[in-house]
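Written below as structure tokens is the structure these notes are about.
Number of protein chains: 2
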Amino acid sequence: MATDKEGARGRRRHRGNNRVTIEDVAKEAGAAPITVSRALNTPEKVSARLRERIDRAVEALGYVPNLIAGGLASAGTRVIPVVVPSLSILTFIEVIHGIQQTLEAAGYQVLLGSTDFDLDREAALIDSVLGYSPSGVILTGLRHRERAAHRLKAWGRPVVEIMELGEPCIDMNVGIDNAGAGACMAQHLLDRGYRRIAFLGTGMGMARDYRARERYEGHREVLEAAGVESGLLFQHDEPSSYELGRQLFLEALEARPDLEAMHFANDNLAAGAILEANRRGIRVPQDIAIGGYLGLSLGEHLTPRLTTVTVPRFGMGVEAARLLLTRLEGRSLASSRVDIGYELSVREST
Amino acid sequence: MATDKEGARGRRRHRGNNRVTIEDVAKEAGAAPITVSRALNTPEKVSARLRERIDRAVEALGYVPNLIAGGLASAGTRVIPVVVPSLSILTFIEVIHGIQQTLEAAGYQVLLGSTDFDLDREAALIDSVLGYSPSGVILTGLRHRERAAHRLKAWGRPVVEIMELGEPCIDMNVGIDNAGAGACMAQHLLDRGYRRIAFLGTGMGMARDYRARERYEGHREVLEAAGVESGLLFQHDEPSSYELGRQLFLEALEARPDLEAMHFANDNLAAGAILEANRRGIRVPQDIAIGGYLGLSLGEHLTPRLTTVTVPRFGMGVEAARLLLTRLEGRSLASSRVDIGYELSVREST
DNA sequence: GAACATTATGGTAGCGCTACCAAATAACCC
DNA sequence: GGGTTATTTGGTAGCGCTACCATAATGTTC
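In the order they appear, the protein sequences are chains A and B. Numbered per UniProt numbering, the first sequence spans residues 1 to 350. Numbered per UniProt numbering, the second sequence spans residues 1 to 350.
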């Protein structure tokens with residue numbers, strides 16, 4: 001019964017990809033392949049009776065849709081590439097976590113790409129991932145090669161740029177105001193009565209993390225407006241680490257023994273500094289005050305607890321994913337730009 | 001001159017996916033699409049002259065291959081799903097980093113999946129990612145639902161199971177000997193002269209991180225063999241954090257004030273404990289010795305520096321990716337099981 | 001119950017690429 | 001030069017699915 005017409009199974013061309021196809025399910029359920037497709041993708045368009053038969057067939061055969069084929073036919077796989085500068089920076093990881101959790105719950109998969117802060121690699125990576133016909137893309141930052149930005153705009157699907165906020169963006173933008181965050185900590189240090197304040201960071205050349213530079217600019221403007229020495233900057237160009245924080249701390253202390261406060265570009269550096277201060281018996285904040293940026297949980301466990309500007313990294317990922325999903329589901333967007341905000345967490349180190 | 005036969009461009013069916021296709025390149029270069037395909041995938045099979053013309057056309061038109069179409073035709077996208085239990089655990093992140101860096105250099109993309117330590121979700125996720133016709137798969141651990149393991153075996157492409165070592169594995173296996181690592185630290189603590197030694201961990205029920213349980217078993221056996229109290233176990237079921245380390249530390253101290261050493265299931269917990277000891281003025285290791293597992297860089301910056309069992313997390317990712325690539329490139333494998341090893345890093349906390 | 005709107009199913013074609021095989025061309029040998 | 005063997009190129013078909021349209025079944029209205 002129901003002999004295979006037109007050549008039968010098994011005459012498959014390529015190396016036996018013996019997976020169950022939609023056709024197998026259709027036969028099993030006594031329906032057309034297209035109807036099976038509908039039953040899976042838009043169940044409300046298939047009668048309950050048939051749908052049930054199809055579901056049973058799917059179950060019985062262990063059918064798993066070939067998303068590649070589906071993607072080719074409908075020009076859109078359920079993949080969202082997320083392109084970040086580095087996977088060794090905890091911040092990006094936490095953002096990715098938020099993105100991944102939100103997207104996976106909605107049936108999308110995250111494709112990971114990292115650029116090592118190189119805009120050319122970013123452009124190449126964008127080209128490459130567009131080859132997967134993704135449903136949308138999430139990028140880090142607002143600065144990209146012209147070619148990449150242009151291609152993404154022409155592409156016409158949802159694109160979210162994260163981490164920073166500004167004009168122009170390709171499509172949607174979720175981030176925080178870096179200059180504001182830098183200014184916020186600087187203002188706090190001033191309010192605390194500190195006057196000789198340094199900024200300590202890393203990779204702040206244009207090539208690497210220019211967001212740290214924006215924070216520095218915000219910091220500098222506040223100090224300048226207050227009529228305080230504003231150009232105290234210590235920086236290296238290696239990736240952030242506890243070790244680098246330690247080094248910056250010692251260097252700054254040696255170069256300017258009169259410093260009252262240190263504003264670190266991130267909590268990793270600040271933590272390295274506090275840990276070194278602990279080791280040397282330097283009292284924080286009595287001898288030197290220390291402020292950070294990020295809100296890593298480590299900060300709350302140091303002695304003294306680290307004063308920092310807390311940024312909802314996970315939340316930023318969730319929000320970016322939500323924006324993307326909203327657009328993918330065709331719902332309209334209240335705003336295509338979301339300021340995720342930050343919060344000054346005053347603790348013991350300042 | 002060369003008018004478009006058969007209906008011309010622009011009669012494209014779906015929503016104007018106006019990307020440049022291989023056909024456009026072929027026309028531009030005056031060759032057949034299949035030849036363009038060859039020029040890109042197996043350049044050595046195309047004459048230098050033609051290849052150059054094609055390369056120029058690719059450049060001129062900004063052609064980017066549609067990997068979805070290629071994947072459908074040749075049954076294999078250059079995607080490697082990496083399935084881990086959680087993205088909030090630094091260890092997995094570092095492993096993923098190693099994998100990602102190695103695979104991306106070889107032109108593969110990492111597809112990220114997380115299971116939240118749920119084997120059913122893992123099985124569902126495996127089904128789902130197989131729908132992307134990936135070139136291979138990397139999984140965490142050796143324990144999976146029967147259905148998932150069976151499906152992957154039948155699938156016939158490279159599969160690497162990471163993090164732990166053992167039998168049976170689906171295909172290839174890169175990891176470390178957890179029981180051995182636990183025993184190693186226990187032995188060290190004994191060698192140091194400590195006798196009342198506790199193990200402190202988290203999520204060690206079968207459902208969650210059973211690798212920590214294996215370390216505990218290794219630890220216990222060593223203590224038992226030494227004729228020392230061996231069942232001292234403190235554990236919670238929340239995810240690891242500094243905070244949890246702090247709590248476990250205090251609980252253990254209260255329950256057993258006579259403890260001489262604490263063996264933590266990982267460095268996050270151990271660091272939380274040391275930081276709390278710092279805060280309370282409890283001397284480590286004089287009052288209580290503390291050992292960890294992982295080799296996080298934080299450990300080297302604590303006071304005292306943390307004695308730990310260092311595991312090459314990044315290296316494990318690199319090795320897993322290498323194994324996979326070796327198989328994908330058709331080269332033969334020295335061994336399908338790699339013990340990545342660990343190293344006892346004796347520092348100040350024991 | 002005829003005329004229409006609505007919903008449920010199926011047929012066909014094609015997404016863009018590459019496996020397979022056939023044809024054309026170049027290279028080589030007595 | 002005829003015959004043989006490499007090398008280079010092209011034609012065809014189809015990977016598994018879904019967009020689009022056509023048709024069939026059902027419901028609704030007066």
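For glycine and all other residues, C-beta sits at the position ideal for the given N, C-alpha and C. If you're wondering where the values come from, they're calculated on a predicted model, not measured in any experiment.
For Asp237 of chain A, collect the residues of the same chain with a Cβ closer than 6 Å to its Cβ; drop the 5 residues on either side in sequence, then sort them by chain order. Result list for Asp237 of chain A: Gly203, in chain order.
Roughly how many whole angstroms lie between the Cα atoms of Ala154 of chain B and Gly107 of chain A? 25 Å
Specify the secondary structure class of Pro81 of chain A as computed by DSSP and reduced to three states. strand
With 16 as the cutoff for other CB atoms within 10 Å, does Leu333 of chain B come out buried or exposed? exposed
Output yes if chain A places a C-beta closer than 8 Å to the C-beta of Ala57 of chain B; else output no. no
Sequence-distant residues of its chain with Cβ nearer than 8 Å to Ile89 of chain A (five each side left out): Pro239, Ser240
Could you tell me the boundaries of the alpha helix (DSSP H) in which residue 382 of chain A lies? One cannot answer for residue 382 of chain A here, as it falls past the ends of chain A, which runs 1 to 350.
Would you list, in sequence order, the uninterrupted alpha helix (DSSP H) runs of no fewer than 4 residues that lie entirely inside the region 169 to 222 of chain A? 178 to 191
Would you say Val338 of chain B faces chain A, with C-beta separation under 8 Å as the test? The beta-carbon of Val338 of chain B is placed no less than 8 Å from the nearest beta-carbon of chain A.
Would you report the Cα separation of Gly315 of chain A and Ala149 of chain A, rounded to the nearest angstrom? 25 Å
Take the Cβ of Glu161 of chain A as the centre, count every other Cβ of all protein chains shown within 10 Å, and call the residue buried at 16 or more, exposed below. So Glu161 of chain A counts as buried.
Interface residues of chain B facing Val129 of chain A [CB-CB closer than 8 Å]: Gln109
Would you decide whether Thr91 of chain B is buried or exposed? Buried here means 16 or more other CB atoms lie within 10 Å of its CB. buried
Looking at the C-beta of Val83 of chain A, does it have a partner C-beta in chain B at a distance below 8 Å? Under the 8 Å criterion on CB atoms, Val83 of chain A is classed as non-interfacial with respect to chain B.
Are Val159 of chain A and Ile170 of chain A touching if we call contact CB-CB under 8 Å? Yes; because the gap between Cβ atoms is below 8 Å, this pair is in contact.
To the nearest angstrom, how far is it from the Cα of Val311 of chain B to the Cα of Tyr210 of chain A? 33 Å
Bridge partner(s) assigned by DSSP for Phe92 of chain A: Answer by DSSP bridge pairing: none, since Phe92 of chain A is not bridged.
Nearest to Tyr342 of chain A (by Cα), restricted to the options A:Arg283, A:Gly292, A:Tyr194, A:Glu224: A:Gly292
Quick check: is the beta carbon of Ile93 of chain B nearer than 8 Å to any beta carbon in chain A? Taking a beta-carbon distance threshold of 8 Å, Ile93 of chain B counts as an interface residue toward chain A.
Please report the Cβ distance between His144 of chain A and Leu119 of chain A, rounded to the nearest whole angstrom; I am assuming they are in contact, meaning their Cβ atoms lie under 8 Å. 6 Å
Considering only the alpha carbon of each residue, which of B:Arg121, B:Asp55, B:Arg157 lies closest to Thr326 of chain B? B:Arg157
Which of the three DSSP states is assigned to Thr307 of chain A in this structure? strand
With a cut-off of 8 Å, do at least 3 Cβ pairs link the region 44 to 59 of chain B to the region 76 to 85 of chain B? no
Going by DSSP in three states, Phe117 of chain A sits in which element: helix, strand or coil? DSSP places Phe117 of chain A outside both helix and strand once states are collapsed to three, so it counts as coil.
Within chain B, the residues that His97 of chain A reaches when beta carbons sit closer than 8 Å: Contact of His97 of chain A with chain B by beta-carbon distance below 8 Å involves Leu87, Ser88.
Mind checking Arg56 of chain B: buried by the 16 CB within 10 Å criterion, or exposed? exposed
Proximity test, Cβ basis, 8 Å: Tyr242 of chain B and chain A: yes
Could you tell me the boundaries of the beta strand (DSSP E) in which Ile290 of chain A lies? 289 to 294
Put Arg337 of chain A into one of helix, strand or coil per three-state DSSP. strand
Integer Cβ distance of Thr350 of chain A from His188 of chain A, believed to fall under 8 Å: So it is a contact: roughly 7 Å between Cβ atoms.
Can you name the residues of chain A whose CB is closer than 7 Å to the CB of Arg279 of chain B? Thr303
Within the continuous alpha helix (DSSP H) that includes Gln247 of chain B, where are the two ends? 242 to 255
Report yes if the C-beta distance between Gly245 of chain B and Ala273 of chain B is below 8 Å; otherwise report no. yes
C-alpha gap between Glu251 of chain A and Ala265 of chain A, whole angstroms: 15 Å
Which residue from A:Leu298, A:Ile126, A:Gly295, A:Pro304 puts its Cα closest to that of Gln287 of chain A? Checking the sequence shown, residue 287 of chain A turns out to be Asp, not Gln. That would be A:Pro304, whose Cα lies nearest to the Cα of Asp287 of chain A.
In chain A, which residues lie less than 9 Å from residue 351 of chain B when you measure between Cβ atoms? Residue numbering for chain B in the displayed model covers 1 to 350; residue 351 of chain B lies beyond these limits and cannot be assessed.
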